[in-house]
Amino acid sequence: MATTRPNPAQWVWYAFGGRLPDRCAEWVLHDVTCSTWVLRHVLRALTQLAPFCLLVLLPGPLEIRLSAILLGLLVGMFYSICYMGETAEHRALKHGFPPGVARETRELRRDVQRVAKHGVGYRPWWE
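The numbers in the sequence shown follow my numbering, run straight up by one, and end at 1288.
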């Protein structure tokens, strides 16, 4: 299966929860499991919340409009970050991967990096 990146329109569709074509499935798995998956999730969440900034166009005092936007963005980001792992799993599942594959892939990458850095048998005291 070849890795194909989505075009900008497809990425926006994907950011809002849409399903990409099958040729992009491997890219989706990379998107939800790479070392920057948290940053990618935050960027997708900010893309989803961007239309909320149109509240600035409503009539009324500027301070109230800006505080409404800020509080709405904070609440939206809070819930997005709280459900980040579940969202990543759902995206992988939607693109044909078995349940749990995104979490297991991230754990495997973390373990490989730990072995490369500290050697076999190293376990942090908190695990």
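Glycine included, each C-beta is placed from N, C-alpha and C at the ideal position.
**OP:** Tell me whether the beta-carbon of residue 1237 lies closer than 8 Å to the beta-carbon of residue 1250.
**Re:** no
**OP:** Assuming residue 1253 contacts residue 1189 (C-beta within less than 8 Å), just tell me the rounded distance between them.
**Re:** The pair is a contact, with the Cβ atoms about 7 Å apart (cut-off 8 Å).
Subject >> Straight-line Cα distance separating residue 1264 from residue 1176 >> reply: 19 Å
**OP:** Measure the C-alpha to C-alpha separation of residue 1256 and residue 1172 and round it to an integer number of angstroms.
**Re:** 14 Å
Subject >> Separation of residue 1204 from residue 1245, as counted between CA atoms >> reply: Straight through space, the alpha carbons of residue 1204 and residue 1245 are spaced by roughly 12 Å.
**OP:** Determine the direct distance from the alpha carbon of residue 1202 to that of residue 1225, and round the result to whole angstroms.
**Re:** 29 Å
Subject >> Pairwise C-alpha distance: residue 1228 and residue 1196 >> reply: Cα to Cα, the separation comes out at about 34 Å.
**OP:** Go ahead and label residue 1164 buried or exposed: buried means 16 or more other beta carbons lie within 10 angstroms of its beta carbon, across all protein chains shown.
**Re:** exposed
Original post:
In this structure, does DSSP put residue 1288 in helix, strand or coil?
Top reply: coil
Original post:
Whose C-beta lies closer than 6 Å to the C-beta of residue 1166 among residues of the same chain, with five residues either side of it excluded?
Top reply: 1188
**OP:** Give every residue of the same chain whose Cβ lies closer than 6 Å to the Cβ of residue 1184, excluding the five residues on either side of it in the sequence, and list them in chain order.
**Re:** Contacts found: 1165.
Subject >> As assigned by DSSP and simplified to three states, the class of residue 1269 >> reply: helix
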